[in-house]
Amino acid sequence: MSGDLYHNRVLELSAEIPNIGHLDSPDGKSHKVSRVCGSEIWVELNLSDNLETITDVAVTSKACALGAATLSVFSEHAVGAHVDEVYEARDTMKAMLKENGPPPTGRFWELRHLEGVREYPQRHMSTMLALEAAVAAIEDARANREAA
Numbered sequence: 009m010s011g012d013l014y015h016n017r018v019l020e021l022s023a024e025i026p027n028i029g030h031l032d033s034p035d036g037k038s039h040k041v042s043r044v045c046g047s048e049i050w051v052e053l054n055l056s057d058n059l060e061t062i063t064d065v066a067v068t069s070k071a072c073a074l075g076a077a078t079l080s081v082f083s084e085h086a087v088g089a090h091v092d093e094v095y096e097a098r099d100t101m102k103a104m105l106k107e108n109g110p111p112p113t114g115r116f117w118e119l120r121h122l123e124g125v126r127e128y129p130q131r132h133m134s135t136m137l138a139l140e141a142a143v144a145a146i147e148d149a150r151a152n153r154e155a156a
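Using my numbering, the letters of the sequence shown map in sequence onto residues 9 to 156.
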């Protein structure tokens, strides 16, 4: 799959983003913009009472196919995910792109379809945008709950 940037599965994922919209009262939210291409991603989520599990998610995107594909994988599998799984997916994805590491496994395994992006450093930021937004939304939710 290496070197194949826009193969069929990436395009399918980018066209099938689940949970598009907004939550009535999100615990946390985030808006991230790629400085390179201008892609934008919004993530809203709710966390369990112990702040460890995502219980609801909504996303919005004005992103390229790569950013949209990452968002699709996150959004499809976010509900029920332990927050550590999201942090791990982000860190593994970053290592896959920048350090030739292995692709993510577990709940977010379909991020492996973006392995070809590693050969295009100018595309790394837009590909990581959804996971960075997800982590920021988790941190926002935790901060909001702790402040309440």
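We put the CB at the ideal spot given by N, CA and C, even for glycine.
Note that the structure is predicted; figures quoted are calculated from it, not measured.
Inset, instruction - Express the C-alpha separation of Asp148 and Val81 in angstroms, rounding to a whole number. - result: If I take the Cα positions, the gap works out to 21 Å.
Inset, instruction - Please list, in chain order, all residues of the same chain as His121 whose beta carbon is under 6 Å from its beta carbon, the five residues on each side excluded. - result: For His121, the CB contacts under 6 Å within the same chain, skipping 5 residues up- and downstream, are Arg17, Val18 in chain order.
Legend entry - 8 Å CB neighbourhood of Leu59 in its chain, flanking five on each side removed: Sequence-distant Cβ neighbours of Leu59 in its own chain, meaning closer than 8 Å and more than five residues away, are Val91, Ala149, Arg150, Arg153.
Inset, instruction - Report yes if the C-beta distance between Ser42 and Met104 is below 8 Å; otherwise report no. - result: Between Ser42 and Met104, the CB-CB gap reaches or exceeds 8 Å.
Legend entry - Segment contact, 8 Å Cβ cut-off, at least three pairs: the segment 60 to 80 with the segment 124 to 144: Using a Cβ-Cβ distance cut-off of 8 Å, the segment 60 to 80 and the segment 124 to 144 are in contact, since at least three pairs of beta carbons, one from each stretch, lie closer than that value.
Inset, instruction - Go through its chain and collect everything with a Cβ distance to Ala71's Cβ below 6 Å, but skip five positions before and after it. - result: When the five nearest sequence neighbours on each side are left out, the beta carbons in the same chain lying within less than 6 Å of the beta carbon of Ala71 are those of Ser47, Ile49, in order along the chain.
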